[in-house]
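The structure appears right after this line, and notes come after that.
Encoded structure:
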């Protein structure tokens, strides 16, 4: 490995969905960007969460100068408490991102040194000069990160879309990105999530129209499940509920926590008399209430999963209630979501989801938006990130069609290293990587052998 080259180490999120984490190493210092988790597949019996392997960074903990968080989604910040227990460094992010991360850390009893940045804005972190640019996504306050290094400028997009009518009016800052492109971007690391989707991702604002029509036709209680971090979606639900004189109850630990953070920081605007506690819901007629809850992915102990199974202590779905799953299943979660849908239909609910109604749009740009960003930034080199291998391969093809030479593009997977030297990239030596399983209170105690034994026991018994 060239000792003076700048290294980009991919520790999660490349060749997979989730666990997004990378590190930039230069002149004996390391800057970490994002620290996400993923959720277990059905084969991972007894596993609660899946983390990146931090070994490479733990072995170099004295070199780590800080960690930058691009936005507050779990696949970018969810592993932070485990990381900070091992490597205590400053955490940089926008106000909402840090607000969400701080709540998670408090739940785990982890102290942190958080430093707020703005987008647009700049921050020196060790020897790394960083710039931040506003990006539109399904959560407010998302940003891209630009890192100046001795061998060139690196731009990591984070998650983004080119929303023409964002809920909060905060567009992806193409003007600043264009100026950076004119100055020269040596390496672009780009969000590949929707590279296989043609055209453009619809604006988040159109979901409001679909929800409004469903609300108008609802004769009883409405229960809507979405990601707890999707404050843009929650804002639209609240506004429609207030238009129609319905009270809103938030259910699910992460939902309640994120709504509190969003309101405290001014990212979520709700009239004080709109919100009612779940314990007080029975005081209102069903047709006057909306419940916004967790569980859009069929997570086993989430609010909607418990409701669908008839096991929630405080909330039941009854005949002719309206239930909306305002999200698309993450790959691997389909069977869990179908299980929830079956339970809801069994209860007699009117069910709407992304397959039969206009109740969800993605927070990631489709192929034309990815092309626009590449044409705007004009990178000398390109590495697609944030996606399974097919997403990365298709994003590479988009880059070639939009002016990036094929020999200046590398497809990477977890553990891969890209070296940037004198404005060109090449592959470095692979580093230790992998999945670390959280099982109850234990971290890293579950490996392939334990999982195999659990699968045998589940299938065949003792």
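Numbering (my numbering), first residue to last: 3 to 464. All residues carry an ideal CB built from backbone N, CA and C; glycine is no exception.
Cβ-Cβ distances below 6 angstroms link residue 224 to 292 and 324 in the same chain, with the five nearest sequence neighbours on each side left out; the list follows chain order. The three-state reading of DSSP puts residue 373 in helix, counting H, G and I together. Sequence-distant partners of residue 31 (beyond 5 residues in either direction) whose C-beta falls short of 6 angstroms from its own C-beta, in its chain, are 65, 67, 128 and 129.
Counting only runs that start and end inside the segment 302 to 376, the beta strand (DSSP E) elements of at least 3 residues fall at 324 to 327 and 352 to 354. Contact fails between the segment 341 to 349 and the segment 371 to 387, because fewer than three Cβ pairs, one in each stretch, are under 8 angstroms apart. Distance from the Cα of residue 182 is smallest, within the candidate group 356, 86, 155 and 202, for 155. When beta bridges are read from the DSSP output, residue 25 appears opposite 11 and 34. Excluding five sequence positions before and after residue 26, the CB atoms of its chain that fall closer than 6 angstroms to its own CB belong to 10, 33 and 149, given in chain order. Between the alpha carbons of residue 252 and residue 238 lies a gap of roughly 14 angstroms. Residue 322 sits exposed, since fewer than 16 C-beta atoms from the chains shown fall within 10 Å of its C-beta. Judged by their CB atoms, residue 231 and residue 75 are nearer to each other than the 9 angstroms cut-off. Buried is the label assigned to residue 242, since at least 16 other Cβ atoms lie within 10 Å of its Cβ. Here residue 24 is buried. Its C-beta has 16 or more other C-beta atoms within 10 Å. Judged by DSSP in its simplified three-state form, residue 237 adopts helix. If you draw a straight line from the Cα of residue 357 to the Cα of residue 329, it is about 10 angstroms long.
If you keep only unbroken alpha helix (DSSP H) runs of at least 4 residues inside the segment 79 to 167, you get 82 to 88 and 97 to 109. Taking C-beta separations shorter than 8 angstroms and ignoring five residues to either side along the sequence, the partners of residue 423 in its chain run 4, 6, 7, 8 and 153, following chain order.
Straight-line measurement puts the Cα of residue 434 at about 38 angstroms from the Cα of residue 227.
Here the segment 78 to 92 does not lie against the segment 256 to 272, with fewer than 3 beta-carbon pairs under 8 angstroms apart. According to the DSSP assignment, residue 255 belongs to the alpha helix (DSSP H) that extends over 255 to 266. Residue 291: member of the beta strand (DSSP E) spanning 291 to 295, first to last residue. Under DSSP, the beta-bridge partners assigned to residue 421 are 9 and 428.
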